[in-house]
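Quick notes on the structure that follows.
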Amino acid sequence: MSRVDLYLLLTAIIWGSNYSVIKFVLQDVPSRAFNVLRLLIASAVFLLVIATRRRVQLARLTGRDWAIVVLLGVVGQFLYQLLFIEGLERTSVVNASIIIAWTPAAVSLVSAAVGHERLPWRHWAGTALSFVGVTLIVRGGAAAGVSSPLGDLMMVGCVACWTVYTVAGRPLLATHSPLVMTGLSMAVGTVLFVPTALGDLARTQWTEVRPVMWVWVVFSSLLALNFSYTAWYLGVRQLGASRTSLYSNVVPVAALVVAMAWLGERLVGLRLAGAMLVLAGVVLTRWRTRLPDTGPPAET
Numbered sequence: 291m292s293r294v295d296l297y298l299l300l301t302a303i304i305w306g307s308n309y310s311v312i313k314f315v316l317q318d319v320p321s322r323a324f325n326v327l328r329l330l331i332a333s334a335v336f337l338l339v340i341a342t343r344r345r346v347q348l349a350r351l352t353g354r355d356w357a358i359v360v361l362l363g364v365v366g367q368f369l370y371q372l373l374f375i376e377g378l379e380r381t382s383v384v385n386a387s388i389i390i391a392w393t394p395a396a397v398s399l400v401s402a403a404v405g406h407e408r409l410p411w412r413h414w415a416g417t418a419l420s421f422v423g424v425t426l427i428v429r430g431g432a433a434a435g436v437s438s439p440l441g442d443l444m445m446v447g448c449v450a451c452w453t454v455y456t457v458a459g460r461p462l463l464a465t466h467s468p469l470v471m472t473g474l475s476m477a478v479g480t481v482l483f484v485p486t487a488l489g490d491l492a493r494t495q496w497t498e499v500r501p502v503m504w505v506w507v508v509f510s511s512l513l514a515l516n517f518s519y520t521a522w523y524l525g526v527r528q529l530g531a532s533r534t535s536l537y538s539n540v541v542p543v544a545a546l547v548v549a550m551a552w553l554g555e556r557l558v559g560l561r562l563a564g565a566m567l568v569l570a571g572v573v574l575t576r577w578r579t580r581l582p583d584t585g586p587p588a589e590t
């Protein structure tokens, strides 16, 4: 397993942990207020790092590059976050998880269609195994809960947004670092997200927010956004969009493991089988796969 694979595995673990973190923080802070707080923190950290790194040359970004950065910010940071929050409020966790599990297949199809990658049968087989595994995990859990067509449609929109964010960003990663692309696009998304959260920010009783919540806000900012989004684009650059996207299906496995420790969930029956299938799918896609030539190194 390469260093990039380890980063992506850690990203999946962090994102899986973030489900429990979000559930905990939302006891004190409304969803949009929480989201804009972590976006503001993460964007500030990104911009500070970019400003202090001598090798980062924003002048190298062409007009077309900036247009793509704005696109990435709109779809991958603003719309994805908004649709995910609103979608989860309108559909069940089961439906949302299964719909999101289609992301690797969507990324693979689009990436192949635009000529970015030629994928072997192992990748498609691994993607199918991983999807079945996620389905078993969520079906082996709690009852489906209340869902609506609108909520399901919003989760489909999440899949579309993340697919565009993953595939459209790859060409820029040949000449620009994952840190720069992630930081600039997140800044764009944050600017767009702030107006949608003003109501929640005004209504929140900040003096009643428990101090421990701020620890988890920082966790969700620095690890779930700063580290994980950068690692994601590092994976896209080194492994390709399709192979990177399959790690998103490890997130439910990580979320279940964290829930076992934090909330007393049990890993039995269908859930255990599903977790094994997800991991088997990831291993299959990486089996005997040589890393592609990524071209000249970009600034970091």
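In this note's numbering, the protein residues as written are 291 to 590.
Beta carbons: idealized from backbone N, C-alpha and C, even for Gly.
query                                                                                                                                                      : result
Measure the Cβ-Cβ separation of W506 and F314 and say whether it is below 8 Å.                                                                             : yes
Quick one: residues in its chain with C-beta nearer than 6 Å to the C-beta of L300, no 5 flanking neighbours on either side, listed in chain order?        : none
If you reduce the DSSP assignment to three classes, tell me which class Q317 lands in.                                                                     : coil
Do the CB positions of V457 and A531 come within less than 8 Å of each other?                                                                              : yes
Put A521 into one of helix, strand or coil per three-state DSSP.                                                                                           : helix
Which residues in the same chain have their Cβ closer than 8 Å to the Cβ of V502, if we skip the five residues on either side of it in sequence?           : none
Assuming G525 contacts V365 (C-beta within less than 8 Å), just tell me the rounded distance between them.                                                 : Going by Cβ atoms, the distance from G525 to V365 rounds to 18 Å, so no, they are not a contact pair.
Going along the chain, which unbroken runs of the alpha helix (DSSP H) with 4 or more residues stay wholly within the stretch 438-471?                     : 439-458
Could you say which of Q317, T417, V319 and F517 lies nearest to S470 if we only look at CA atoms?                                                         : Note that residue 470 is Val in the sequence shown, not Ser. Taking only the C-alpha atoms, the option nearest V470 is F517.
What is the rounded straight-line gap between the Cα of V573 and the Cα of Q371?                                                                           : 29 Å
Can you name the start and end residues of the alpha helix (DSSP H) that F374 belongs to?                                                                  : Y370 to R380
With the cut-off set at 8 Å, would you say N325 and A563 are in Cβ contact?                                                                                : no
Under 8 Å: do the stretch 527-541 and the stretch 405-418 share three or more Cβ pairs, one atom per stretch?                                              : yes
Looking only at its own chain, which residues have a Cβ that is under 7 Å from the Cβ of F509, when we skip the five neighbours before and after it?       : V311
Would V404 be called buried (16 or more neighbouring beta carbons within 10 Å of its own) or exposed?                                                      : exposed
Is P394 helix, strand or coil by DSSP?                                                                                                                     : helix
Among S387, V484, M444 and I304, which has the Cα closest to the Cα of R380?                                                                               : M444
Looking only at its own chain, which residues have a Cβ that is under 6 Å from the Cβ of L440, when we skip the five neighbours before and after it?       : R380
Using CA coordinates, which residue listed in S475, D490 and A544 is at the minimum distance from A357?                                                    : S475
Would W411 be called buried (16 or more neighbouring beta carbons within 10 Å of its own) or exposed?                                                      : exposed
Is the beta carbon of S307 closer than 8 Å to that of A544?                                                                                                : yes
Using a Cβ-Cβ cutoff of less than 6 Å, which residues in the same chain neighbour G353 once the five nearest sequence positions on both sides are dropped? : none
Just tell me which of L569, H466, R527 and R493 has its CA closest to the CA of R350.                                                                      : H466
Using the rule of at least 16 other Cβ atoms within 10 Å of the residue's Cβ for burial, across every protein chain shown, is Q317 buried or exposed?      : exposed
Thinking just about the alpha-carbon of each residue, which of G479, I390 and G459 is nearest to the one in V541?                                          : I390
Ignore the nearest five residues each way along the sequence and tell me which others in I303's own chain have a CB closer than 6 Å to its CB.             : A544
Shortest alpha-carbon distance to S511 belongs to which of A323, P320, S292 and L327?                                                                      : L327
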